[in-house]
Amino acid sequence: MSIEPLSWGRGSAPHDTGLRTPAQGIPGPQWSAPARSGNLESVRSALTADNSLGVVITGGRGVGKSSLARAAITDLGPDVWSLQLRSGPAGSTTPYGCLSFLLARLPQAYMGSPTAILRGITSLIRSDAAGRPCVVTLDTSGTIDDLSAGVLLNVLLTGTAKIIAVAPKISDLPADFHWLLTDRRLTEVRLSNLNELQTRQVLLSLLGHRVSASLVTTYHQMVGGNPLLLKALVTEQQLSGNLVLSDSVWTLRDKVVLDGAASLDDIVRSRWSRETQETREVIEMLSCARSVELSRLTSIYGADVVADMEDGGLLEIDDSDHRWVSLRGEIHRRRRADLAEHRPAPRIACRAPGRCRAGPGGHDRRGADGLCRLDPRVRGRTEPRAGPCGSRSRRPAV
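With the first letter of the sequence shown counted as 1, position 237 gets the number 396 in the working numbering; the numbers rise by one all the way through.
This is the structure in structure tokens:
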């Protein structure tokens, strides 16, 4: 396909929409960079290799995928031209959804067919780059439409640009990207939640002074290694006066109280709204039962649902013989219990015999106590009902 620059004339003057920026002008905090140095090096290698078309950054929500993409663009320096694209939940149903601002700049002569639009957008990107290497950043929370995918594939295969694709899972990307991954033309960099050492590195970057070991352990356990929640928790604790700097060491004045932490509520509520129905049911069940045997959970919801939730940082599985599954992070457990309790939903009831327990130090409950699950037979009931943990409330003690 032709990739020669076109003469755009008056109707093609670039509009400063904020989506086309030089690499050195990209804003964004780099506070999580110290914990992601290895991942950053992998992204850099994929973008600079001659036979590579780019990189795909995957991982659960809030683990720092977009931050890593911004850091990679900044790391490339001012000689690289960057084009930022975003695709929202409705992106798969809107033709050229993530490319609409480029589509608006095309002269009418190039609007006659998908092929003409493809050639026009490709040449427009090449013209805007003005001979500089170009990197396209595609940040998507879901699938993109086929027409946009076709244009992006043409941009990659013609050497017009390389790409940094950001998505929760590989399956959220177009099928052509799967082929490029299989052919090793694209490299996947998967981000997981932070371990305790990485949490310490992020806290040092955020706070700028030494942090106590107890502070690192407490915060890591509360956020389950999620960088976005960690930053929100630090901000909330500083505003409340519980996180204090004493003798050049950051430490906690008292135990962490989450009541009134609006920013944390907003993050958890936003994520809850985007979860699938099965994921919500698992969260509601574990908010009540606290932990459930892995074999029992997978027998009801399937191993794929549990695996997706574990990859997304929602669940943790211990190393005991029973392989207990619980919600990951104290913030997730408390806030999701609140959301599950107050949202309009069917009552939770014991569905099947099995095992659950009230918490890490609780005793096993068997038989009639069973698993906690949404039961369609009690849908619409309003009277209180005893849960599997022996309580008449769905909210666990914390």
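By construction, the Cβ of each residue, glycine as well, lies at the ideal position given by its N, Cα and C atoms.
Since the structure is predicted, the reported quantities are computational estimates derived from the model, not experimental observations.
In the DSSP assignment, residue 445 falls outside any beta strand (DSSP E) and lies within the alpha helix (DSSP H) extending over 436-448. Contact holds between the stretch 334-351 and the stretch 209-217, because three or more Cβ pairs, one in each stretch, are under 8 Å apart.
Non-local beta-carbon contacts of residue 483 in its own chain, meaning distances under 8 Å to residues more than five positions away in sequence, involve 450, 451, 452, 453, 476, 477, 516 in chain order.
Of all C-beta pairs linking the stretch 321-331 to the stretch 203-213, three or more are shorter than 8 Å, placing the two stretches in contact. Sequence-distant partners of residue 288 (beyond 5 residues in either direction) whose C-beta falls short of 6 Å from its own C-beta, in its chain, are 240. For residue 322, the enclosing beta strand (DSSP E) has its first and last residue at 321-326. With respect to the C-alpha of residue 434, the residue from 375, 408, 464 having the closest C-alpha is 464.
The count of Cβ pairs closer than 8 Å, one atom from the stretch 383-400 and one from the stretch 353-362, reaches three, so the stretches are in contact.
The DSSP assignment places complete beta strand (DSSP E) segments of no fewer than 3 residues inside the stretch 323-352 at 345-350, in order along the chain. Residue 237 is classed as exposed because its beta carbon has fewer than 16 other beta carbons within 10 Å across all chains shown. Non-local beta-carbon contacts of residue 329 in its own chain, meaning distances under 8 Å to residues more than five positions away in sequence, involve 215, 217, 336, 337, 340, 347 in chain order. Contact between residue 374 and residue 410 holds: CB atoms are separated by about 6 Å, below the 8 Å threshold. Two segments are said to touch when three or more pairs of C-beta atoms, one from each, lie closer than 8 Å; by this definition the stretch 194-202 does not touch the stretch 297-310. The beta carbon of residue 273 sits closer than 8 Å to those of 306, 309, all from its chain and outside the five residues before and after it, given in chain order. In terms of CA proximity to residue 211, 318 leads the group 302, 358, 318, 263. According to DSSP, residue pairing for residue 296 in a beta bridge involves 243, 323. Non-local C-beta neighbours of residue 299 in its own chain, meaning closer than 6 Å and more than five positions away in sequence, comprise 246, 326, ordered along the chain.
The beta carbon of residue 262 sits closer than 6 Å to those of 255, all from its chain and outside the five residues before and after it, given in chain order. Under a 10 Å Cβ-count criterion, residue 219 is classified as buried, with 16 or more other Cβ atoms of the shown protein chains found around its own Cβ. At the C-beta level, residue 368 and residue 407 come within 8 Å of one another. The beta carbon of residue 403 sits closer than 7 Å to those of 410, 412, all from its chain and outside the five residues before and after it, given in chain order. DSSP places residue 302 in no beta strand (DSSP E); its state is neither H nor E. For residue 469, no pairing in a beta bridge is given by DSSP.
Taken through DSSP and simplified to helix, strand or coil, residue 218 comes out as strand. Residue 389 sits buried, since 16 or more C-beta atoms from the chains shown fall within 10 Å of its C-beta. By the Cβ-count criterion, residue 223 is buried, with 16 or more other Cβ atoms from all chains shown falling within 10 Å of its own Cβ.
When secondary structure is reduced to three states using DSSP, residue 404 falls in the strand class.
Per DSSP, residue 387 lies in no beta strand (DSSP E) segment; the continuous alpha helix (DSSP H) that holds it begins and ends at 386-399.
In this structure, residue 445 keeps its C-beta atom at 8 Å or more from the C-beta atom of residue 398.
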